[in-house]
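Engineer:
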Amino acid sequence: MVKLTPPMGWNSWNTFGADINEALIFETADKMAESGLLACGYDYLVIDDCWSLKERDEQDRLVPDPVKFPHGMKAVADYVHAKGLKFGMYSCAGNLTCAGYPGSFEHEFIDAATFAEWGVDFLKYDYCYHSNIIPGEYLYRRMGLALENCGRDILFSACSWGIDETHTWIKTSSASMWRSTGDIVDTWESVKSLAAQQKALHPYNGVGCFNDMDMLIVGMHGKGNVGFQGCSDIQYRTHFSLWAFLSSPLMIGCDIRDMSPETLSTLTNRDIIAINQDPGCRQPYPLQGIWRDDNLIAYAKNLTGGDIAIGFFNLSADKATARLNLDELGLPHSTHKTLSMKEIWTQKDALIRNAHVAWELEPYDCAVFRAKVVDLA
0 MVKLTPPMGW NSWNTFGADI NEALIFETAD KMAESGLLAC GYDYLVIDDC
50 WSLKERDEQD RLVPDPVKFP HGMKAVADYV HAKGLKFGMY SCAGNLTCAG
100 YPGSFEHEFI DAATFAEWGV DFLKYDYCYH SNIIPGEYLY RRMGLALENC
150 GRDILFSACS WGIDETHTWI KTSSASMWRS TGDIVDTWES VKSLAAQQKA
200 LHPYNGVGCF NDMDMLIVGM HGKGNVGFQG CSDIQYRTHF SLWAFLSSPL
250 MIGCDIRDMS PETLSTLTNR DIIAINQDPG CRQPYPLQGI WRDDNLIAYA
300 KNLTGGDIAI GFFNLSADKA TARLNLDELG LPHSTHKTLS MKEIWTQKDA
350 LIRNAHVAWE LEPYDCAVFR AKVVDLA
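With the first letter of the sequence shown counted as 1, position 189 gets the number 188 in numbering that gives the first Met the number 0; the numbers rise by one all the way through.
1) Kindly indicate the opening and closing residues of the beta strand (DSSP E) around W177.
2) Does DSSP put P134 in a helix, in a strand, or in coil?
3) Under 8 Å Cβ to Cβ from Q197, same chain only, skipping five residues before and after it: list those, please.
4) Classify A195: buried if its beta carbon has 16 or more other beta carbons within 10 angstroms, exposed otherwise.
5) In the DSSP assignment, find the unbroken alpha helix (DSSP H) run with E116 in it and report its ends.
6) With a floor of 4 residues, list each alpha helix (DSSP H) that falls wholly inside the stretch 260 to 333, ordered by position along the chain.
7) Going by DSSP in three states, C39 sits in which element: helix, strand or coil?
8) Is it true that the CB of R60 sits closer than 9 Å to the CB of I109?
9) Measure the C-alpha to C-alpha separation of T267 and I132 and round it to an integer number of angstroms.
10) When the Cα of G87 is compared with those of D364, N94 and Y78, which residue comes out closest?
11) With 16 other CB atoms within 10 Å as the buried threshold, where does L350 fall?
12) If we ignore side chains and look at the alpha-carbon of each, how far apart do D300 and D292 end up?
13) List the endpoints of the continuous beta strand (DSSP E) containing R381.
14) Rounded C-beta distance between P6 and S175? I'm assuming under 8 Å.
15) So who's on the other strand from L122, going by DSSP bridges?
16) Which residue wins for smallest C-alpha separation from D185, given the options A145, F155 and Y235?
17) Which term fits H129, buried or exposed, when burial requires 16 or more other beta carbons within 10 angstroms of its beta carbon?
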């Protein structure tokens, strides 16, 4: 499968871990369709680890846990599809999955065929218990080849955590997205850590193979499998904006059956999603700015049609002012051009004078602009 924009959807792991079942998936599918998430582009519903029995059957096939999924995975897929969604599942490049269930090592083709038979549209492929003598690039190419030959169009989500220099070989594997980090947890420090790891990886993200910064923690508020400390709604908004700006796949991890209005508003901000889903998928570039430190991140990205997305992200507990000169964006005085900017979250407008931008940010807050190039009056 070739994906032209970052995949969007929901994954069970962050909130539910091993506590998954058929009823949860049906209720989540209902909510994705009814809440407006599907209409905003969140179309993949993905079951993570712990869905199978601990042993394969006599034909060497994976077996869904009959207690958790009494009607089997084909029935689950059919229900998800009936809601207008796509159905995703999980396996692993090792002998075991991360939670100790059968992995797909040396079962790649039979597992790919099984997933196709069930109606799977997305496979998250983890990296636990993998061979210590076979390089990861060969393991992911093997499953990629199996999926490409299974008779169904299945998105391959490679989850090797960025180790073994994943970025240097992942595009050889047929993967449509690849994890560049370890697991996210529901803390602000986790968000900051994963964001900091992206500095050298922007050239390896793009159409067909998107850099996955891991699933979203928006709306978890300390609940669930990776709940930990929780974050504020402002921190979740900044986290979501940064993931979207850097063209990461947007995979929701909270319990969407119990979202607050603030969570739903963040996840369904169509202007932020439009930056993530811009058809150009152009590489963002960091802005040097003026008087900036590691807790104040600034990025720009050229959008299809000539607009520029600009993002300021304050990762600190103190107020900060983001400053930059327009020559960093290719607009020095000599062009006789400037920017007409709209901040997406507040809807505030600004016409830039003197080729200089200054914007004050509250603690942990962000400002994301869609800017148009206009004549300098």
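By construction, the Cβ of each residue, glycine as well, lies at the ideal position given by its N, Cα and C atoms.
Structural biologist: So, to answer that:
1) M176 to R178
2) coil
3) S179, N210, M212 and L245
4) exposed
5) E107 to W117
6) 260 to 266 and 269 to 275
7) helix
8) yes
9) 44 Å
10) Y78
11) exposed
12) Checking the displayed sequence, the identity of residue 300 turns out to be Lys instead of Asp. The straight-line gap from Cα to Cα measures roughly 20 Å.
13) The first residue shown for the chain is 0 and the last is 376, placing residue 381 beyond what the model contains.
14) 7 Å
15) M88 and F155
16) Y235
17) buried
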